[in-house]
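Here is the structure we will look at.
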Amino acid sequence: MGPTWLRLLLISVLALEGAVWSDGCWDEERVALLQLQHFLTDIDYSREGPDCCEWKWVECNITTRRVIQLSSLWGRLKIKDSNLFNASMFLPFEELKSLDLSGNDLVGCVENEGNDGQLSLINLEEIDLTVNLFNNSIMEELSGFSNLKSLKMRSNRLNGLVDLKELCALSHLETLDLSYNEVNRFVTSKELHVLSNVENLILDYTPLDINFLQSISILTSLKTLSLFGCALVGILPTHQGLCYLNNLEELSLNGNALGGAVAPCLGNLTSLRYLDISNNHFTGNIASTPLANLTTLQFLSLSNNQLQIPMSFRSFANHSDLKVLLADQNNMVAEPTAFQTWWPKFQLEIFSMSNCMIEEHGNLQLPNFLYFQHDLRDVDLSYCDFGGIRFPHWLLENNTRLEQLYMIDTSIVGPLFLPSHPSFNLKVFDISNNKIHHDIPRNFCSLFPHLEGLFMSKNDFKTDIPPCLGGLRRLQMLDLSHNDLFGEIPEELRMSSSLANLILSNNSLSGKIIPTVYHLIILLEELRLDGNKFEGEISYFSPISIKNLQVLDVSDNDISGELPTWLWDTISLKILDFSKNNFEGPITMQLCKLINLEFLDLSSNHLSGTIPSCSNLQRMRHVHLANNRLSGTLSNVIFKSSSLVTLDLSGNSFTGRIPNWISTLPTLSVLLLKENQFDGEFPLQLCKLQSLSILDFSHNKLFGHLPSCLSNLTLKPSEKSYVDSGGYEFDFFDDVMVDMGLTIYNLTGLMSVQRGYPFTYHEEDVLFSTKGATYTYKGNILDLLSAIDLSCNQLTGIILPGFGNLSEIRGLNLSHNNLAGPIPSTFSELKQIESLDLSYNNLSGRIPSELTEMTALEVFSVAHNNLSGPLPDRKNQFGTFDESNYEGNPLLCGPPLNKSCNGGDSPTAPNATSSEEEHGHIDMVDFYISFATSYAIIFLTTILVLYINPYWRRACFYFIEDRSIVCYFFIVDSLRQLPCFRRNI
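In mature numbering (1 follows the signal peptide of the UniProt record, and there is no 0), the protein residues as written are -22 to -1, 1 to 963.
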């Protein structure tokens, strides 16, 4: 009778209210939900069952069957025309408490009559407007939600000054998230009282003044405060503000510019469970900070500071609740041996101390407290030089729940010793870049049967690949590159159904490329077999379907034949590297089908024919076709990608003029066309390439003058090193953070501590000749390189003074041309230049003494020109240059040449007068003219004197007659002595 009576009473009440439900939810709410369905883009959401309370995005009260929550509408709500939020659409939901409209590009609100422009959902307690396009006006419009407890406005378009007075009506507000907006000023201390009841305040990436931390003490209810990336500069307040938030449980100051010692008053925050001060400039020894007294801490991040951390970590001996300890990139402090061993009260689940340095006169060691840990799930000890330790297999034996172990570049030596029993929970095992040698243990797979990621690259394993790796059913990523593995790829591994990324680069693996890659390219997302000894042809087979392959690198092998036809159907490809093989034949138009391609390297093969015109490859960033047998002109547009960074066509047989369409590539940074047969003048349009930093047109047939517009190039260093083809994120922190029940994790997701493994990338490298040799540039060095090489052409004219404006240039080669005129003294403005080659031209005049101001110059040559005069002073870099830098200029003098400029050291050296030292050598044309003029003046003067004075005239004639007679008889007497004259006498 009881239940029946209650059921009748409930029906009576509902009837009195005039409300009816059917199919599990109320009719008026069902009608409203059906209207909302018209705005949903997801067909699975818009075609649900009859009971609206069972719909994925609807939650109802289990008793009244009223709708209380609408969620999971991310990106599915598309309001026609205006994209305005209309609160009246939700008025039928009288008990609605939670509304999630995140990620829908809403730009504003519809004004509703009778509410003075304010929205009115009086029972609403939570609203999530994250990732929309709302501006500051939304703050006033939300004041109608009088019972609102949680407001999330993350990643909108709030800008300028945020006026919190408009939130005065939200007296029940407990959670406020205004992070990731375009705010440049925030509230003053006088306005903070509006938030006096707020318990959770998230202001990530909101610019704040350091005074904000001093005035925040008014928020006495605050339990969670996140100020990640708020541009806070200075030191923490020591006597007020932040230190008086006695109820604070979770605090993030990550990613600011805070420095100095950790404020002692932080010891007042005795309720603190979560503290993140990473990525700042804090200093001092942890042992003398209040952190040692915050024994309620569960999460502590000290990473990326300049803190001194005792190597024993004994400062945290009493932190019995501590679960997460992050101490990456700090300075470890050596301690006496007696301090090393202690029994911790805590059992960590996550510990990280990567990139740590030991202070002077110390040896970095594994913290001894790790021997007493039995609940670790994630450990990162990477990039710490532990001085040649053996692999710590006891970490795996003691911590059976361990899921991820990272020991990259930690100086592990010797063979790989493994635990005696299996680690069933281990997902990620990374011991890359160590000195582990011998074999990979044969019981490896049985000890770690559930691995998802295995990384053992850059060691010294000398073995074949264990076939059992193919039997690891969960293995997705395998990197065994840069070892000395030999033999073939085991069939078990080739048939693996779980692998997504396989990297076996730079080993000694061998075998026929087919059938090695047949199954791999069908299943994998990434396959790298470069730097091995695979051989054979790859073209004569036809895979069933290749849907997932994004990276294919078989470079530096001995693969032959034509480019495979199946390759052009792999439209998912982002990176394709077939360089340094023996491929031949043409590059067909089918290349244009690879619309997602970002990196193409077919260099150093025997490919021939022309390059197809693929203007549709809009994602292309790097093109390398160097050192082939390609020919023809480039008059047709080959690549018209607005993202193109590198174009390398060196070492082919291209002819004609350098095309103007290259100037339409706005992001082009590296342009290499050397060792071809291009002719014509330097194309002026290339001066429009403001992103250009490396230009090489050497060994062609270019003629004409150097264009003056070249001096307008900025040649600024730019990022050109990598192509990212995606990656893989292993679960890191998720389970642990959920178990700790941290509010800050629920609100922010802690993106700063998630680990995305940088796996599927491709490093760009460029061959460039400078400093008298050819180098391969890659990584950060490539990013910094800026250079021009126009050598070995037929360029004429002078070197314009404007070249001194190329202030960022590091290498300039104009050698082996027909350039004339002087060396511009403006070259002294090239403060970054390291190599300057002007040899084998027709340059004349002096070498400017100002060039000694080029203090970064390492290589300098002006050999084989027509330069003259004294050499610059032997100071700065010019003191390191020898005779070979100046040879082939006979009129140069001074050290280091064996020719003095004052004639004191060599009889053949011209005399240097003071005038000569000041003005340089005597011009030979002027010398001949002055000599002839002087001779004529002397001759005419003699004739005039003889004409005026008869005595001298007669004496002169007598002297000439007497000398003539003497000469006559001397000649006759001499001729008589000859045999032929004797016979005739």
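Where a beta carbon is used, it is the ideal one built from N, C-alpha and C, also for glycine.
Note on Thr248: under 16 other CB atoms within 10 angstroms of its CB, so exposed under the neighbour-count rule. Of the residues assessed, Asn189 falls on the exposed side of the cut-off, its CB having fewer than 16 other CB atoms within 10 angstroms.
Per the Cβ contact rule, the segment 341 to 360 is in contact with the segment 374 to 389 (3 or more Cβ pairs under 8 angstroms). When the Cα atoms are used, Cys423 and Gln454 turn out to be separated by approximately 14 angstroms.
For Phe577, the enclosing beta strand (DSSP E) stretches over residues 577 to 579. Ranked by how close their Cα comes to the Cα of Pro564, the residues Leu551, Leu580, Glu576, Asn574 have Leu580 in first place. At a cut-off of 4 residues, the continuous stretches assigned as alpha helix (DSSP H) that sit fully inside the segment 175 to 235 are 189 to 193. DSSP assignment within the segment 328 to 364 yields the following whole beta strand (DSSP E) runs of 3 residues or more, N-terminal first: 328 to 330, 356 to 358. Per the Cβ contact rule, the segment 628 to 644 is in contact with the segment 658 to 669 (3 or more Cβ pairs under 8 angstroms). In this structure, the alpha-carbon of Asn927 lies about 29 angstroms from that of Tyr946. The residue among Leu821, Phe781, Leu725 with its C-alpha nearest the C-alpha of Leu181 is Leu725. A direct Cα-to-Cα measurement between Val716 and Tyr723 gives close to 8 angstroms. Relative to the Cα of Thr41, the nearest Cα in the group Cys3, Lys34, Ser66 belongs to Cys3. Of the residues Phe675, Phe656, Val648, Asn258, the one whose Cα lies closest to the Cα of Leu768 is Phe675.
Between Cys362 and Leu342, the CB-CB gap stays under 8 angstroms. A Cβ-Cβ distance of about 6 angstroms is found for the pair Pro874 and Glu861, placing them in contact under the 8 angstroms criterion. Taking C-beta atoms as the reference points, Pro322 and Phe277 fail to come closer than 8 angstroms.
Restricting attention to Asp940, Cys879, Val36, Phe632, the CA atom closest to the CA of Lys75 is found in Val36. Looking at the backbone, the Cα of Tyr906 and that of Ser912 are separated by about 10 angstroms.
Residue environment: Ser279 is assigned as buried (16 or more neighbouring CB atoms within 10 Å of its CB, all protein chains considered). The continuous alpha helix (DSSP H) containing Thr494 extends over residues 491 to 494. Ranked by Cα distance from Trp372, the first of Ile386, Met289, Leu394 is Leu394.
Below 8 angstroms, too few C-beta pairs join the segment 750 to 760 and the segment 793 to 805 to call them touching: fewer than three. Short of 6 angstroms from the beta carbon of Asp815, and not among the five residues preceding or following it, lie these beta carbons of its own chain, in chain order: Asn791, Ser793, Ser839. By the CB criterion at 8 angstroms, Gly489 and Glu466 fall inside the cutoff.
Per DSSP, the unbroken beta strand (DSSP E) holding Glu562 starts and ends at 560 to 563. Here His460 carries a coil assignment [DSSP, helix/strand/coil]. For the 8 angstroms CB-CB criterion, Leu551 and Leu572 form a contact. Val161 sits buried, since 16 or more C-beta atoms from the chains shown fall within 10 Å of its C-beta. Using a 10 angstroms sphere on the CB of Met131, the tally of other CB atoms reaches 16 or more, which defines it as buried. If you draw a 10 Å sphere on the C-beta of Arg451, you find fewer than 16 other C-beta atoms in it, and that means exposed.
Taking C-beta separations shorter than 8 angstroms and ignoring five residues to either side along the sequence, the partners of Leu869 in its chain run Asn844, Leu845, Ser846, Gly847, His899, following chain order. Contact between Leu684 and Ser764 is absent: CB atoms are separated by about 18 angstroms, not below the 8 angstroms threshold.
Rounded to the nearest angstrom, the gap between the Cα atoms of Ser878 and Pro850 is 13 angstroms. Sequence-distant Cβ neighbours of Leu111 in its own chain, meaning closer than 7 angstroms and more than five residues away, are Asp83, Leu84, Val85, Asn134, Arg135. Between Ile491 and Val532, the C-beta spacing is below 8 angstroms.
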